[in-house]
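So the sequence shown is numbered by this note's numbering: it starts at 758 and just counts up by one.
Heads up, the beta-carbon is just placed ideally off N, CA and C, and yes, glycines get one too.
As the structure is a computational prediction, the values presented were derived from the model and not from experiment.
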Amino acid sequence: SPLVPKDFIPCDWNEGDAPIEVNTTKLDNYIRGDVESHLKKYLYAIMELPSSLELKITPGSDNGLLYTISFGAFHGYKYFRMRKNDYAQVKDFALATNLKFEQTNNSDLFSELKQETIVYFSNPCNPTCELISPTKIETICRENPSCLFLLDNAYIEYHQESNTTSLAELPNLVIFRTFSKFWGLAGIRLGTIFFNRNCSLAEHMGVLNSKHISALHDSSITEIFKRKDEITTQRANESKNLEKLAHSIADKFNITFKKAGNFVLLDCKDGLTKDAVNQYFFQYKIAIRDLSHLEDFEYSLRFNYRKEAFDLMMADLI
758 SPLVPKDFIP
768 CDWNEGDAPI
778 EVNTTKLDNY
788 IRGDVESHLK
798 KYLYAIMELP
808 SSLELKITPG
818 SDNGLLYTIS
828 FGAFHGYKYF
838 RMRKNDYAQV
848 KDFALATNLK
858 FEQTNNSDLF
868 SELKQETIVY
878 FSNPCNPTCE
888 LISPTKIETI
898 CRENPSCLFL
908 LDNAYIEYHQ
918 ESNTTSLAEL
928 PNLVIFRTFS
938 KFWGLAGIRL
948 GTIFFNRNCS
958 LAEHMGVLNS
968 KHISALHDSS
978 ITEIFKRKDE
988 ITTQRANESK
998 NLEKLAHSIA
1008 DKFNITFKKA
1018 GNFVLLDCKD
1028 GLTKDAVNQY
1038 FFQYKIAIRD
1048 LSHLEDFEYS
1058 LRFNYRKEAF
1068 DLMMADLI
């Protein structure tokens, strides 16, 4: 993230608004196996996963991606493909292996795939806001059985109409989820990997353990399980507010926008308009991210939902 003054509202990053507060229990009340088994029970329920799927708990979704790419590189996969403007850290993970690396434009991600290719894509994509339908994902996976698809669903809970859990029945698809976005648990480092037990990497995934899990994780997930409906309603209201604010800003500056997850992509027509939008956020001490470092996003900005920022700006825009 770019450096901004400490008193700015942090709307240039993507964690869930209103982090979940929990009461922790003493770690010595549990042994690790008890915590893992208790935690998994709630994870399956929160993510509405069928029990037929294998679930692995990792210290954050980044670690899960790194493990999986590394396993794939030593399991016979030869190539790695991702979009140019997708999660940049994944590129570094892939380049640290012996896989032959390739980046494509959005429209070319699934075109002319070589056999034994690992394909990574976030869905919805940050920052392009592209959302690929479950039907298309299933078709691509079935048409390319020798390839392994890594689906990063960091923001999928914001898109309840796009339920992709059934896709995990595919043997060449591994799905990653995080609790730092929708659920607001960025500080505890908790991610999940789930996949069909016939997945080519299932045996390798078996070495993943849960030594990082603590009573803090257990308390946090138990709290989410209890308050799932409340949190889901809260996020739905935040999503509506974000769209309302984006419409108002777009009308004020005659620009366009796309929305995905808890963020909005503002597309300005030129540098002067972009500077005006930047200054507008600056006067409220609201951080907004400049995306000009990305190919094809010279005049684009990204804005993430925060209630404090919404209240400030809407009071003026109305």
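*Following the continuous beta strand (DSSP E) through Arg-1059, name the residue where it begins and the one where it ends.*
On the sequence shown, residue 1059 is found 302 positions in, with the first residue counted as 1. From DSSP, the beta strand (DSSP E) with Arg-1059 extends over 1057-1061.
*In three-state DSSP terms, what is Gly-948?*
Within the sequence shown, residue 948 is the residue found at index 191, counting from 1. Collapsing the DSSP output to three states places Gly-948 in a strand.
_Segments assigned alpha helix (DSSP H), at least 4 residues, entirely inside the region 924-974_ = Counting only runs of 4 or more residues that sit fully inside the region 924-974, the alpha helix (DSSP H) segments are 959-962, in chain order.
*asked:* What does DSSP give as the partner residue(s) for Phe-906 in the beta ladder?
replied: On the sequence shown, position 149 is the one that residue 906 refers to. In the DSSP output, where bridge partners are listed per residue, Phe-906 has Val-876 and Leu-930.
*List the whole-angstrom C-beta distance separating Leu-810 from Phe-952, where the pair is believed to meet the contact cut-off of C-beta under 8 Å.*
Counting from one through the sequence shown, the residue named residue 810 turns up at place 53. Counting from one through the sequence shown, the residue named residue 952 turns up at place 195. Indeed they touch by this definition, with Cβ atoms about 7 Å apart.
*At which residues does the beta strand (DSSP E) containing Tyr-836 begin and terminate?*
Within the sequence shown, residue 836 is the residue found at index 79, counting from 1. DSSP places Tyr-836 inside the beta strand (DSSP E), whose first and last residues are 836-840.
*Would you kindly work out how many angstroms separate the C-alpha atoms of Lys-1015 and Asn-862, rounded to a whole number?*
As a working mapping, residue 1015 is identified with position 258 in the sequence shown. As a working mapping, residue 862 is identified with position 105 in the sequence shown. Rounded to the nearest angstrom, the two C-alpha atoms are 18 Å apart.
_Backbone CA spacing between Ser-937 and Gly-944 [nearest angstrom]_ = On the sequence shown, position 180 is the one that residue 937 refers to. On the sequence shown, position 187 is the one that residue 944 refers to. Going from the Cα of Ser-937 to the Cα of Gly-944 covers about 7 Å.
*Using three-state DSSP, classify Ile-889 as helix, strand or coil.*
What you label residue 889 is simply residue 132 of the sequence shown in a count that begins at 1. Under the three-state reduction of DSSP output, Ile-889 falls in the coil class, being neither helix nor strand.
*Identify which residue in Ile-766, Asn-994, Asp-909 and Arg-899 has its Cα closest to the Cα of Pro-928.*
Within the sequence shown, the letter at position 171 stands for residue 928. Check the Cα spacing between Pro-928 and each of Ile-766, Asn-994, Asp-909 and Arg-899: the tightest is with Arg-899.
*Could you pull the start and end residues of the beta strand (DSSP E) that Phe-1014 belongs to?*
Position 257 of the sequence shown holds residue 1014. Where Phe-1014 is concerned, the enclosing beta strand (DSSP E) starts and stops at 1013-1017.
*Sort out for me which residues DSSP pairs Thr-861 with in a bridge.*
To locate residue 861, count along the sequence shown from 1; it is residue 104. Its beta-bridge partners are Arg-840.
*Quick one: Cα of Lys-1026 to Cα of Ile-1012, how far?*
Working through the sequence shown from its first residue, we reach residue 1026 at position 269. Working through the sequence shown from its first residue, we reach residue 1012 at position 255. So the two alpha carbons sit approximately 7 Å from each other.
*C-alpha distance - Tyr-834 paired with Trp-940, whole-angstrom precision*: Here residue 834 refers to the residue found at position 77 when the sequence shown is read from its first residue. Here residue 940 refers to the residue found at position 183 when the sequence shown is read from its first residue. Straight-line Cα distance between these residues: approximately 34 Å.
_Per-residue burial, Asn-855 [other beta carbons within 10 Å of its own, 16 or more giving buried]_ = Taking the sequence shown and counting its residues from 1, one reaches residue 855 at position 98. Flag for Asn-855 reads exposed.
*asked:* Nearest by alpha-carbon distance to Asn-880: which of Leu-907, Glu-869 and Pro-902 is it?
replied: Along the sequence shown, one-based indexing puts residue 880 at 123. Closest by alpha carbon: Leu-907.
_When you compare the CB positions of Gly-963 and Thr-815, do they come within less than 9 Å of one another, or not?_
Against the sequence shown, residue 963 aligns to sequence position 206. Against the sequence shown, residue 815 aligns to sequence position 58. No, the pair does not count as a contact, with Cβ atoms beyond the cut-off.
*Take the Cβ of Arg-1063 as the centre, count every other Cβ of all protein chains shown within 10 Å, and call the residue buried at 16 or more, exposed below.*
Residue 1063 sits at position 306 when you count from the first residue of the sequence shown. By the neighbour-count criterion, in which 16 or more other beta carbons inside 10 Å mark a residue as buried, Arg-1063 falls on the buried side.
_Nearest to Ile-978 (by Cα), restricted to the options Gln-872, Thr-935, Glu-1065 and Ser-868_ = Position 221 of the sequence shown, counted from the first residue, corresponds to residue 978. Shortest Cα-Cα distance from Ile-978 to any of Gln-872, Thr-935, Glu-1065 and Ser-868 involves Thr-935.
_Among Ser-967, Leu-1048, Cys-768 and Arg-838, the one whose alpha carbon lies nearest that of Leu-999_ = Numbered from its first residue, the sequence shown carries residue 999 at position 242. A check of alpha carbon separations from Leu-999 across Ser-967, Leu-1048, Cys-768 and Arg-838 identifies Cys-768 as the nearest.
_Sub-9 Å separation of Arg-984 and Asn-1019 beta-carbons_ = Residue 984 sits at position 227 when you count from the first residue of the sequence shown. Residue 1019 sits at position 262 when you count from the first residue of the sequence shown. Against a cut-off of 9 Å, the Cβ pair of Asn-1019 and Arg-984 comes out as no contact.
*Any chance the CB of Asp-1068 is under 8 Å from a heavy atom of the ligand NAD?*
Of ligands this structure carries none, so the ligand NAD is not represented either.
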